[in-house]
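Residue numbers (our numbering), protein chains in the order written: chain V, 124 to 512; chain C, 5 to 187.
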């Protein structure tokens, strides 16, 4: 039988429709069902044995670090390791895979130490603006600390924009002094620029980054991308065939074709101008979009569905959204009910939420932004209630 | 005074927000280079940085010796990296892991089969067992390939062969009683 079910490694790549096909096939093919059930049981048994012998994987990480560099361990970590060492060593002897993990940890440890030594002389004691997005996301996860709350507040200066823009291919191809990054169909890629800004390129996109230091931060784009631009005194400019999108430090996305530039702003502020007549510009407010078609002036900004527009990035960018809208988005995505206390439903929230996070973290992050707390679990669903209740 | 100097770390621990921010700012580029060097330019790098900084941020008070900041940050980064390796960042895997079909999809009990897991385990080659254990710990095949110093295709072939061997064992269990009936 050559059914793809018989390559278990393929299962991990199954799309929902294929999963449904798998369910149907299991219903029609008792032999396949038996084989897969046994396979699942075998894997579960191996996993259970591992967890029984090594209930805390972090201990293995500490063990590997301590083997190379005992001084790296804090006294309480040493004490934990001493207590756990006999059972750890039994687990390592019983499960050769743990040796592979130890080797990987040691390599990671060595790599970190080497980078630290390289970077230390270059470190500045002054704050670096690269931290802006860091603050925003860290605040989502560490709300209990005053400093974390301050990060969230400062993140209001960040911007998310999507520009459906264009740059003519011949312009991209003929320009020297640019480094080119491309993605194929179905591929995404993140590029880190010299100033620490990052660009997430969507599929079938092309980005040119100026390699000469001429006091400007300027890139060219054909396709679609999400930009996270670190704040600086130097403007950051995205050139497209029809427009120039200028920001002073922000997160924004651009998608380009050859006919128009369409900009959607999630947060912060951005200026959109025609390429040929830069004085013809509009300034967008969060939640608005505008576009430049051909050589026409930018259209007056209008309200945009920022969350949908930027959903391809795997992150939802909410700005001043009612909490029940955010909760509904989470519920649909995770397939888990996330209910809000009625007193919280209309409260406006903002922020960036990664769709890849576990539902527990996302619901907790929403609760934190509301100054509330969660009840329930991923099986029965979550309820977000005021903290004092 | 550098953000990593012991006095600066002590200030951060004592509640000096500016000292804490300087420290986190100074750590960020090191972490970025570290994670980029370990996993390449995956979009998860930013999350890894955020979460490592969060570990440092929340655990800083517990750092007893401020001169050990490097080891403290290294452990935070390595813990976070191994969370990533183990799939914590791949939330979708937990929504429906097709590598784990429903517990009794067909199922084994209705077919009257008695699954001899011990026998199936014994039939696994050491290499296949090692790979499956790593997979059970959450490491994706790509990373497993690097850990066992081979290619992803070779790793998957090991898994597939193990599955085929197990399936053959299962068929033998089914056919043996039938052959007795007709002998």
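Even for Gly, the Cβ is constructed at its ideal location relative to N, Cα and C.
Every value quoted in this text rests on a predicted model; they were computed, and no experiment measured them.
Considering only their Cβ atoms, is the gap separating residue j from residue i smaller than 8 Å?
{"i": "residue 412 (chain V)", "j": "residue 387 (chain V)", "result": "yes"}
{"i": "residue 302 (chain V)", "j": "residue 334 (chain V)", "result": "yes"}
{"i": "residue 513 (chain V)", "j": "residue 324 (chain V)", "result": "With chain V covering 124 to 512 only, the question about residue 513 (chain V) has no answer from this structure."}
{"i": "residue 190 (chain C)", "j": "residue 228 (chain V)", "result": "An answer regarding residue 190 (chain C) cannot be provided, because it is not within the stretch 5 to 187 covered by chain C."}
{"i": "residue 363 (chain V)", "j": "residue 344 (chain V)", "result": "yes"}
{"i": "residue 468 (chain V)", "j": "residue 446 (chain V)", "result": "yes"}
{"i": "residue 397 (chain V)", "j": "residue 427 (chain V)", "result": "no"}
{"i": "residue 124 (chain C)", "j": "residue 161 (chain V)", "result": "yes"}
{"i": "residue 60 (chain C)", "j": "residue 28 (chain C)", "result": "yes"}
{"i": "residue 176 (chain V)", "j": "residue 226 (chain V)", "result": "no"}
{"i": "residue 315 (chain V)", "j": "residue 35 (chain C)", "result": "no"}
{"i": "residue 23 (chain C)", "j": "residue 53 (chain C)", "result": "no"}
{"i": "residue 8 (chain C)", "j": "residue 73 (chain C)", "result": "yes"}
{"i": "residue 37 (chain C)", "j": "residue 351 (chain V)", "result": "no"}
{"i": "residue 232 (chain V)", "j": "residue 191 (chain V)", "result": "yes"}
{"i": "residue 182 (chain V)", "j": "residue 204 (chain V)", "result": "yes"}
{"i": "residue 89 (chain C)", "j": "residue 51 (chain C)", "result": "no"}
How many Å lie between residue i and residue j at the Cα?
{"i": "residue 126 (chain C)", "j": "residue 444 (chain V)", "result": "57 Å"}
{"i": "residue 169 (chain C)", "j": "residue 168 (chain V)", "result": "17 Å"}
{"i": "residue 509 (chain V)", "j": "residue 472 (chain V)", "result": "15 Å"}
{"i": "residue 198 (chain V)", "j": "residue 80 (chain C)", "result": "16 Å"}
{"i": "residue 407 (chain V)", "j": "residue 505 (chain V)", "result": "36 Å"}
{"i": "residue 20 (chain C)", "j": "residue 451 (chain V)", "result": "39 Å"}
{"i": "residue 11 (chain C)", "j": "residue 70 (chain C)", "result": "8 Å"}
{"i": "residue 399 (chain V)", "j": "residue 415 (chain V)", "result": "11 Å"}
{"i": "residue 143 (chain C)", "j": "residue 369 (chain V)", "result": "41 Å"}
{"i": "residue 104 (chain C)", "j": "residue 5 (chain C)", "result": "With a pLDDT of 41 at residue 104 (chain C), under the threshold of 50, the modelled position of that residue is not reliable, and the figure given next carries that caveat. Going by the C-alpha atoms only, they are around 54 Å apart."}
{"i": "residue 347 (chain V)", "j": "residue 339 (chain V)", "result": "22 Å"}
{"i": "residue 433 (chain V)", "j": "residue 440 (chain V)", "result": "7 Å"}
{"i": "residue 431 (chain V)", "j": "residue 189 (chain V)", "result": "47 Å"}
{"i": "residue 111 (chain C)", "j": "residue 437 (chain V)", "result": "Its pLDDT being 40, under 50, residue 111 (chain C) is placed unreliably in this model, and the value from its coordinates should be taken loosely. Rounded to whole angstroms, residue 111 (chain C) to residue 437 (chain V) spans 37 Å at the Cα level."}
{"i": "residue 285 (chain V)", "j": "residue 136 (chain C)", "result": "With a pLDDT of only 42 at residue 285 (chain V), under 50, the local geometry of the prediction cannot be trusted, and the value read off the model is given with reservation. Whole-angstrom Cα-Cα distance: 42 Å."}
{"i": "residue 157 (chain C)", "j": "residue 200 (chain V)", "result": "38 Å"}
{"i": "residue 172 (chain C)", "j": "residue 164 (chain C)", "result": "12 Å"}
{"i": "residue 319 (chain V)", "j": "residue 171 (chain V)", "result": "43 Å"}
{"i": "residue 295 (chain V)", "j": "residue 121 (chain C)", "result": "In this predicted model, residue 295 (chain V) has a pLDDT of only 38, less than 50, meaning its place in the structure is not dependable enough to derive any value."}
{"i": "residue 81 (chain V)", "j": "residue 425 (chain V)", "result": "In the structure as shown, chain V begins at 124 and stops at 512. Residue 81 (chain V) is therefore absent and cannot be evaluated."}
{"i": "residue 466 (chain V)", "j": "residue 495 (chain V)", "result": "11 Å"}
{"i": "residue 117 (chain C)", "j": "residue 217 (chain V)", "result": "Confidence at residue 117 (chain C) is low in this model, with a pLDDT of 44, below 50, so its placement is unreliable and the value that follows should be read with caution. So the two alpha carbons sit approximately 29 Å from each other."}
{"i": "residue 489 (chain V)", "j": "residue 461 (chain V)", "result": "10 Å"}
{"i": "residue 221 (chain V)", "j": "residue 131 (chain C)", "result": "13 Å"}
{"i": "residue 497 (chain V)", "j": "residue 459 (chain V)", "result": "13 Å"}
{"i": "residue 511 (chain V)", "j": "residue 77 (chain C)", "result": "35 Å"}
{"i": "residue 457 (chain V)", "j": "residue 502 (chain V)", "result": "11 Å"}
{"i": "residue 149 (chain C)", "j": "residue 195 (chain V)", "result": "29 Å"}
{"i": "residue 163 (chain V)", "j": "residue 138 (chain C)", "result": "15 Å"}
{"i": "residue 359 (chain V)", "j": "residue 211 (chain V)", "result": "52 Å"}
Name the two residues that bound the continuous beta strand (DSSP E) containing residue i.
{"i": "residue 473 (chain V)", "result": "471-477"}
{"i": "residue 369 (chain V)", "result": "366-370"}
{"i": "residue 463 (chain V)", "result": "461-463"}
{"i": "residue 152 (chain C)", "result": "Here residue 152 (chain C) belongs to no beta strand (DSSP E), and DSSP marks it neither H nor E."}
{"i": "residue 315 (chain V)", "result": "312-315"}
{"i": "residue 64 (chain V)", "result": "Since the displayed chain V opens at 124 and closes at 512, residue 64 (chain V) lies outside it and no answer follows."}
From the DSSP output, read off the bridge partner residues of residue i.
{"i": "residue 495 (chain V)", "result": "V:509"}
{"i": "residue 445 (chain V)", "result": "V:471"}
{"i": "residue 504 (chain V)", "result": "V:500"}
{"i": "residue 383 (chain V)", "result": "V:416"}
{"i": "residue 171 (chain C)", "result": "According to DSSP, residue 171 (chain C) bridges with nothing at all."}
{"i": "residue 225 (chain V)", "result": "Residue 225 (chain V) is not bridged to any residue."}
{"i": "residue 439 (chain V)", "result": "V:476"}
{"i": "residue 90 (chain C)", "result": "Paired residues: none, contrary to the question."}
{"i": "residue 184 (chain V)", "result": "Paired residue(s): none; residue 184 (chain V) is not in a bridge."}
{"i": "residue 360 (chain V)", "result": "V:341, V:369"}
Could you give the residue range of the alpha helix (DSSP H) that holds residue i?
{"i": "residue 28 (chain C)", "result": "21-43"}
{"i": "residue 125 (chain C)", "result": "121-127"}
{"i": "residue 356 (chain V)", "result": "Looking at the DSSP string, residue 356 (chain V) is not in any alpha helix (DSSP H), and its letter there is neither H nor E."}
{"i": "residue 59 (chain C)", "result": "48-63"}
{"i": "residue 200 (chain V)", "result": "198-217"}
{"i": "residue 137 (chain C)", "result": "130-140"}
{"i": "residue 466 (chain V)", "result": "Looking at the DSSP string, residue 466 (chain V) is not in any alpha helix (DSSP H), and its letter there is neither H nor E."}
{"i": "residue 14 (chain C)", "result": "10-17"}
By the criterion of Cβ-Cβ separation under 8 Å, what are the contact partners of residue i in chain A?
{"i": "residue 130 (chain C)", "result": "The chain labelled as chain A is not found among the protein chains of the depicted structure, namely V and C."}
- Item | Residue ranges of each alpha helix (DSSP H) within the stretch 392-435 of chain V, 4 or longer | 429-432
- Ordered list of alpha helix (DSSP H) runs contained in the stretch 318-346 of chain V, each at least 4 residues: none
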